[in-house]
Structure formats: structure tokens, C-alpha cells
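Residue numbers (the numbering used here): 60 to 382.
Here's what the structure looks like:
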């Protein structure tokens, strides 16, 4: 089976949208879960099995204790070997991404909700219990969204005009959606699969595309092609700011970690056995950088605590696996 064929299969189950250029409350608390929150999650884990109907993102909590996966019915959390639903509304969160201080997302309200669909851009600073609207509700649903971990900058792919974005394109905000800047995206010629933003420098953004990996150091105005002639499906800036994790596919799934400096080494990471599958999302534990999680297009998930030397499977085809 060709790489083109397998990507067509994978894309059918992916939440990443390919793009060609041409009640919500006010949150006030910390994004780190309290001890009571953690105990509540453990109690819920014993009460109800978790099914990951779709994978709309992957992230760790700021304290590194929880691995979070948003799906069609709220956010699932993996804590101490057990899965449970996070406290908060069971919305269909799309484009989910986190920073040290907040969760950002888009998507659609839960069934029976009187909230406007779609959400536009929303933000939570209390680990998803409550969300604040940042604008564009009823106008835009950002499936492809990425954040800068330390700066709270947000990049999105916009698919059509709205009241704050006069045309389609790649946009960035550093004002929680009050104002948006459209990137010129010079040098970017292929369909976008994924976005990632440097944890400390909001001007550095990486794009995974059908023809390779692109990097911009000027907020998306100019891109250079770093990896050529392969489909890049996901990428993640290492929280040390010096490396980039890259998921690609060329007849087989590949995960690598490359240096960002000139002549930086490209380290191939051994993957678990993936049958006609590939890595769709990557996340790194902010308190234990050797710990990395991946989620696949076929809704499986794995954790490594030794940077890929060994992997533990925690979800299989959407079925959450407790340990």
C-alpha cells in the first residue's frame, strides 16, 4: 500500500483539517488540578468506562499529573494508570491546546446546551471546569489550533472570512482573540496537516504539510522547508525549546526528534507497532521531559517515560486501557 493511500485512510479518521492557502463561565482558578480534583477523577474512573470516540488533541496538565484527550463528549484524563472524564461541560472540543496557564479550544456545545454553535475561540484557566468566550462564537470552528506554552500566543487556521479575520489563512493572536494578525505564509505551498508553536518564542511556528516540514521564525510570514518529500502529520516543540518532534509517513510511520540549530541532529524514535496507522498528536510532560505521549489516527495512545526506549499502551482503537 502506498503512502498516499495510507494517508487517505488515516485522514478520514483525523481531526486535522487540510487547508490550502489561495453555559460558558468566567474561569478564575489555576489550571493545575487540586488534590480533591485528582481524587474525584479516580472515583469517576471506577464508575464509568471511557471510550475515545474521536481524538481532538493531546496535552498534559501543567503539573504533569494528568494526560488529557478531548473527544466528542468532554475531556478524558489519564491519571495514575486510570482513565476518567474531567470535571466540566461535555462539549465537543476541537483544536484543543494548552499553555502553562490555560486551556484553549474551539468546537461545538453539548447536546441540549443553549450555547451558540460553533464556539469560536474559548479559554479555561481552571482545568476545563469553566470556559470563557474569546469571540467568533457562531462564526468559526478552529479544528487546527496551536499554542505557545509560555507566552499564551495562539495560532489557528481560518477557513473563511469572519468579523475579526477578513479572509482565510493562518492567523495569530497574543491578545486572547481580541486582535488577530494574518501571516503572509510565503514559501508555504502545500496543504497543512498540523501546527506547532515554540514554547517561548511566539514568532517561531512549525507547519506539517503534505510535502514536508516547514518552519517560520517571523510569525508565519516566511517559511523554509526543513524536511522534504514526506508527509508530516504532527509536530511538537520540545519544551526545552531546542528540539522538534516530528511525525511523518512514507510507506511506514516515523517519529523523529530533530535539533533546531544549524546542523542539529535528527534522532529517530522507535515507535510501538502501528498497523496501518500513524502518530496524529504528540505531547510532552512539562515536569518530566523524558515522558512523551502520542495518539494515533486510529485512536490508540501510548506513553514513554524514557524518550521512546519503551512504550506503554493506554488506549487501543478508542478503548481506554487502565493499568
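Here a beta-carbon is modelled for each residue, glycine too, at the ideal position from N, C-alpha and C.
Buried/exposed call for residue i, threshold 16 Cβ in 10 Å
i           : result
residue 330 : buried
residue 19  : Because residue 19 is not part of the residues shown, which for the chain are 60 to 382, the question remains open.
residue 325 : exposed
residue 143 : buried
residue 141 : buried
residue 168 : buried
residue 185 : buried
residue 297 : buried
residue 177 : buried
residue 219 : exposed
residue 225 : exposed
residue 195 : buried
residue 312 : buried
Boundaries (first-last residue) of the beta strand (DSSP E) holding residue i
i           : result
residue 287 : 283-287
residue 325 : 325-328
residue 252 : 251-256
residue 205 : 204-206
residue 318 : 312-318
residue 371 : 371-375
residue 127 : 126-130
residue 217 : 213-217
residue 231 : 228-232
residue 364 : Element bounds for residue 364: n/a, residue is neither H nor E.
residue 154 : 151-157
residue 136 : 133-138
residue 356 : Counting along the chain, residue 356 falls outside any beta strand (DSSP E), and DSSP gives it neither H nor E.
residue 182 : 181-183
residue 237 : Where residue 237 is concerned, there is no enclosing beta strand (DSSP E), given that its DSSP letter is neither H nor E.
residue 167 : 162-167
residue 142 : 141-144
residue 275 : 271-275
residue 302 : 302-308
residue 264 : 264-268
residue 293 : 290-296
residue 341 : 338-343
Beta-carbon proximity list for residue i, same chain, < 6 Å, skipping 5 on both sides
i           : result
residue 199 : 179 and 221
residue 287 : 271
residue 187 : 134, 145, 147 and 162
residue 99  : Any reading at residue 99 needs caution, since the residue's pLDDT is 49, under 50, leaving its predicted position unreliable; the model's value is listed next. If we look at residue 99 and ignore the five residues flanking it on each side, it has no Cβ neighbours.
residue 360 : 354, 373 and 374
residue 158 : 206, 208 and 211
residue 259 : 209 and 300
Cα-Cα separation between residue i and residue j, rounded to whole angstroms
i           : j           : result
residue 125 : residue 136 : 6 Å
residue 123 : residue 349 : 12 Å
residue 197 : residue 268 : 28 Å
residue 283 : residue 257 : 16 Å
residue 291 : residue 315 : 11 Å
residue 52  : residue 239 : As shown, the chain starts at 60 and ends at 382. That puts residue 52 outside it, with no answer to give.
residue 367 : residue 128 : 20 Å
residue 103 : residue 362 : Note that residue 103 scores a pLDDT of 45, beneath 50, so its modelled location is shaky; the value from the coordinates is reported in the next line. Going from the Cα of residue 103 to the Cα of residue 362 covers about 22 Å.
residue 216 : residue 227 : 8 Å
residue 193 : residue 132 : 21 Å
residue 153 : residue 205 : 11 Å
residue 234 : residue 173 : 27 Å
residue 383 : residue 201 : Past the boundaries of the shown model lies residue 383; the chain is included only from 60 to 382, so the question cannot be answered.
residue 209 : residue 175 : 30 Å
residue 265 : residue 295 : 8 Å
residue 305 : residue 130 : 23 Å
Chain-order list of residues whose beta-carbon lies under 7 Å from that of residue i (same chain, five-residue window excluded)
i           : result
residue 377 : 110, 111, 112 and 358
residue 355 : 333, 336, 337, 338 and 339
residue 319 : 301, 302 and 303
residue 365 : 349
Pair within 8 Å by beta-carbon distance, residue i and residue j
i           : j           : result
residue 345 : residue 121 : yes
residue 181 : residue 207 : no
residue 230 : residue 249 : no
residue 251 : residue 289 : no
residue 114 : residue 352 : no
residue 150 : residue 171 : no
residue 247 : residue 273 : yes
8 Å CB neighbourhood of residue i in its chain, flanking five on each side removed
i           : result
residue 277 : 262
residue 245 : 280, 281 and 282
residue 212 : 206, 231, 232, 233, 256 and 261
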